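This report refers to the structure that appears directly beneath it.
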Amino acid sequence: MSVSRELVLKELGIDPVWRLKQRPTAAGDEVGADRRSRILQMDWMQLKEAVANCTACDLHKTRTRGVIGVGDEKAEWLIIGEAPGADEDAKGEPFVGQAGKLLDAMLAAIGLKRGENVYIANVLKSRPPGNRNPMPEEVAACMPYLERQIQLIRPKIILALGRFAAQSLLNTEEAIGRLRGRVHQYQGIPLIVTYHPAYLLRNLPDKEKAWEDLCLARETMKKTG
Ligand code: URA
150 MSVSRELVLK
160 ELGIDPVWRL
170 KQRPTAAGDE
180 VGADRRSRIL
190 QMDWMQLKEA
200 VANCTACDLH
210 KTRTRGVIGV
220 GDEKAEWLII
230 GEAPGADEDA
240 KGEPFVGQAG
250 KLLDAMLAAI
260 GLKRGENVYI
270 ANVLKSRPPG
280 NRNPMPEEVA
290 ACMPYLERQI
300 QLIRPKIILA
310 LGRFAAQSLL
320 NTEEAIGRLR
330 GRVHQYQGIP
340 LIVTYHPAYL
350 LRNLPDKEKA
360 WEDLCLARET
370 MKKTG
């Protein structure tokens, strides 16, 4: 197991031996597992407030605001991206920049619309400076928020956009090219992996594969009834 993956698992409180040895996190005096179990009991209002005021990792020092998500809180479709970018950080809503426009078009292609039976969230709620990749400790600190969102929304299907969403949710380091094209499960919920819209903007030929993934998601949803 690589160091980064080990760190994520430990931060999530999965290794109790490590937890006992670990010093309290920057979030206060709570170790990761205690903080996680507190977040997993929150209602929507508490969760929104917690994300808005979160200081669990250093990203709070550079973000404008925490971006929890947008849409129907009882949606059947849950779309999960990576992290807010500059536009999202400014507006407080996920996927409002160029990648967001493509995401809206992808949703429209399968008859969906932002906000209507669709909820859009990110793995990270705070923008990494310069849009750099999320760090494992940032993902670990933010995952409990996403876990709680999934519990509260209880979607019928999850669409993971890009490798960070896919690998974080599926607890794997497998490449996105190997994860897409099949139906995974996240705690009993079907999960489909596809390319991140920002990647598709730079790699137009892969749009065809993304279309296949969207069709798989639509078919999977039909089967769930
Ligand atoms: N990319 C993401 O992953 N999420 C956003 O909200 C915007 C761009």
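For what it's worth, the working numbering labels the leading residue of the sequence shown as 150, then goes sequentially.
All C-beta atoms in this analysis are idealised placements derived from N, C-alpha and C, irrespective of residue type, glycine included.
Computed from a predicted model, the values in this text were never measured in an experiment.
Proximal residues to residue i (C-beta, below 7 Å), its chain only, five neighbours per side dropped
i: R327; result: none
i: A239; result: T213
i: V349; result: In the sequence on display, residue 349 carries Leu and not Val. These residues qualify, in order along the chain: L251, D355, K356, A359.
i: K170; result: No answer about K170 holds up, because its pLDDT of 34 lies below 50 and its placement is not dependable.
i: A314; result: I229, G230, E231, V272
i: G234; result: G246, R276, N280
i: D253; result: R263
i: L256; result: K262, R263, V267
beta-carbon residue i near ligand 1 non-hydrogen atom, thresh 7 Å
i: A381; result: Residue 381 cannot be examined here, being either before or after the span of the chain that is shown, 150 to 374.
i: P278; result: no
i: G218; result: no
i: P354; result: no
i: G246; result: yes
i: N202; result: no
i: P243; result: yes
i: A235; result: no
i: A309; result: no
i: G249; result: yes
i: T347; result: What sits at residue 347 in the sequence shown is Ala, not Thr. Yes, since a heavy atom of ligand 1 falls inside the 7 Å radius drawn around the Cβ of A347.
i: N282; result: no
i: N271; result: yes
Residues of its chain near residue i, where Cβ-Cβ distance is below 6 Å and the 5 sequence neighbours each way are ignored
i: I307; result: L227, Y335, I338, L340
i: A248; result: P346, A347
i: T211; result: P278
i: D236; result: V245, G246
i: R367; result: I259
Integer Cβ distance of residue i from residue j, believed to fall under 8 Å
i: T343; j: L318; result: Going by Cβ atoms, the distance from T343 to L318 rounds to 13 Å, so no, they are not a contact pair.
i: V219; j: G264; result: 7 Å
i: V267; j: A232; result: 19 Å between Cβ atoms; not a contact.
i: P243; j: A270; result: 6 Å
Distance CB(residue i)-CB(residue j) smaller than 8 Å
i: R185; j: P293; result: yes
i: A290; j: A205; result: yes
i: G215; j: K262; result: no
i: E198; j: I302; result: no
i: L380; j: R276; result: The structure shown does not extend to residue 380, since the chain is modelled only from 150 through 374, so no value can be given for it.
i: M191; j: R297; result: yes
Contact set for residue i: own chain, Cβ-Cβ below 8 Å, skip 5 residues either direction
i: Q300; result: L189
i: T369; result: I306, V332, P339, I341
i: C364; result: I259
i: I217; result: L196, K197, V200, A201, A270, K274, Y294, Q298
*asked:* Suppose only complete runs of 4+ residues qualify. What are the alpha helix (DSSP H) ranges in the region 326-369, listed by chain order?
replied: 346-351
_Complete beta strand (DSSP E) runs within the region 193-266 (minimum length 3 residues, chain order)_ = 226-230
_I'd like the ranges of any beta strand (DSSP E) spanning at least 3 consecutive residues and lying wholly in the region 260-302._
267-271
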